[in-house]
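Going by this note's numbering, the first residue of the sequence shown is number 658, and it counts up by one from there. To keep things clear, I will list the structure first and then write my remarks on it.
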Amino acid sequence: MRDYAKETEARVNFIREKMSEAHVSGLVFGNSGGKDSALVGILCAKACENLLAVAMPCNSRRNYGEDLDDAKRLANAFRIEMITVDLTETRNKIISAMGVELSDAAKANIAPRLRMTTLYSIAQTRNALVVGTGNRSENYMGYFTKWGDGAYDINPIADLTATEVFEFLRYLKAPESIINKAPSAGLFEGQTDEREMGVTYKAIDEFITTGETDPASKAIIERYHRVSEHKRRMPAKFND
């Protein structure tokens with residue numbers, strides 16, 4: 658297990674250094690009510706007083722229920738300023754304006770891209786950086802939306818597996834409701850990360866850290882990593 662006292666200090670210093678380099682005076686992050694955003698929020702609160710958490714419910718009932726409740730619990734527990742931006746109407750208008758039938762996956766990815774637009778608009782107004790909330794396990798699987806939650810200025814937890822995020826939250830005494838809930842992007846009703854991917858974070862983290870896991874999980878993990886490679890690279894340019 659990592660030394661989370663030292664990890665906290667190092668990550669807080671990282672955030673402050675990047676703020677200084679960018680000549681900004683604040684930070685903005687998406688407060689989803691989940692584990693990753695909770696960890697990011699706590700670290701940012703330790704690094705910067707001018708911090709804004711933005712809850713952005715969109716379409717899914719869970720966004721307006723337990724996720725929003727947990728987002729508020731985090732903000733209250735760590736004295737983080739928070740606002741809520743309801744994106745459902747904007748999402749529905751975009752879908753209506755398309756004039757073409759979108760796939761379910763395309764519809765689901767509208768919400769993360771609207772959230773990215775929201776965060777960057779607020780951050781630019783506040784002279785702030787957008788702080789990313791993706792962990793190492795999600796990145797390896799490509800389990801994020803390109804130009805959605807995959808877009809940010811800095812990310813203080815990108816090297817942590819999902820298991821380590823859980824341990825870190827325990828150390829920092831995050832709200833139990835956040836620690837104990839099933840990971841979910843909340844993109845559609847009944848969605849959980851592990852059910853959608855067909856593999857557990859335990860298996861993913863085992864594979865990332867040791868190179869081994871059960872054969873069925875390994876096949877899924879390798880396929881996800883292979884087909885999502887384009888998400889981890891900058892766009893190809895002629896003569897690169």
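Built from N, CA and C at the ideal position, the CB exists for glycine as well.
Span of the alpha helix (DSSP H) holding F686? Counting along the chain, F686 falls outside any alpha helix (DSSP H), though it belongs to the beta strand (DSSP E) covering G683 to G687.
Compute the distance between the beta-carbons of G698 and L776, then report whether it is under 8 Å. no
Mind checking whether L826 and A695 have CB atoms under 8 Å apart? yes
If we require 3 or more residues per run, which beta strand (DSSP E) segments fall completely within the segment 789 to 855? none
Where does I740 land, buried or exposed, given buried means 16+ other C-beta within 10 angstroms? exposed
Taking the alpha-carbon of I814 as reference, which of A679, D726 and D693 has the nearest alpha-carbon? D693
In whole angstroms, what is the alpha-carbon distance linking T870 and G683? 41 Å
Helix, strand or coil at I737 according to DSSP, with G and I counted as helix: coil
Under 8 Å between the Cβ atoms of K703 and V669? yes
If we count the other Cβ atoms within 10 Å of its Cβ and call it buried at 16 or more, is P832 buried or exposed? buried
Candidates D810, E758 and E746: which alpha carbon is nearest K675's? D810
Which class does V709 belong to by DSSP, given the choice of helix, strand or coil? Reading off the sequence, residue 709 comes out as Leu, not Val. Strand.
Start and end of the alpha helix (DSSP H) containing P769? I767 to R783
Buried or exposed: T818, going by 16 or more other Cβ atoms within 10 Å of its Cβ? buried
If you follow the alpha helix (DSSP H) that F671 is part of, which residue opens it and which one closes it? Y661 to A679
Can you name, in chain order, every residue of its own chain whose Cβ lies under 7 Å from the Cβ of T747, other than the five neighbours on each side? L771
Can you check which of these residues, T745, K764 and S834, is closest to L731 by C-alpha distance? S834
Can you tell me where the alpha helix (DSSP H) holding F864 begins and where it ends? Y858 to T867
Meets three-Cβ-pair contact criterion under 8 Å: the segment 850 to 861 and the segment 749 to 756: no
Measure how close the beta-carbons of Y797 and H882 come, nearest whole angstrom, since I'm counting them as under 8 Å. 6 Å
Does DSSP put L786 in a helix, a strand or coil? strand
Going by CA-CA distance only, name the one from I861, M891, D761 and V788 that's closest to E879. I861
Determine the burial state of R889: buried for a count of at least 16 other Cβ atoms within 10 Å of its Cβ, exposed for fewer. exposed
In the structure shown, what three-state DSSP assignment does M891 receive? coil
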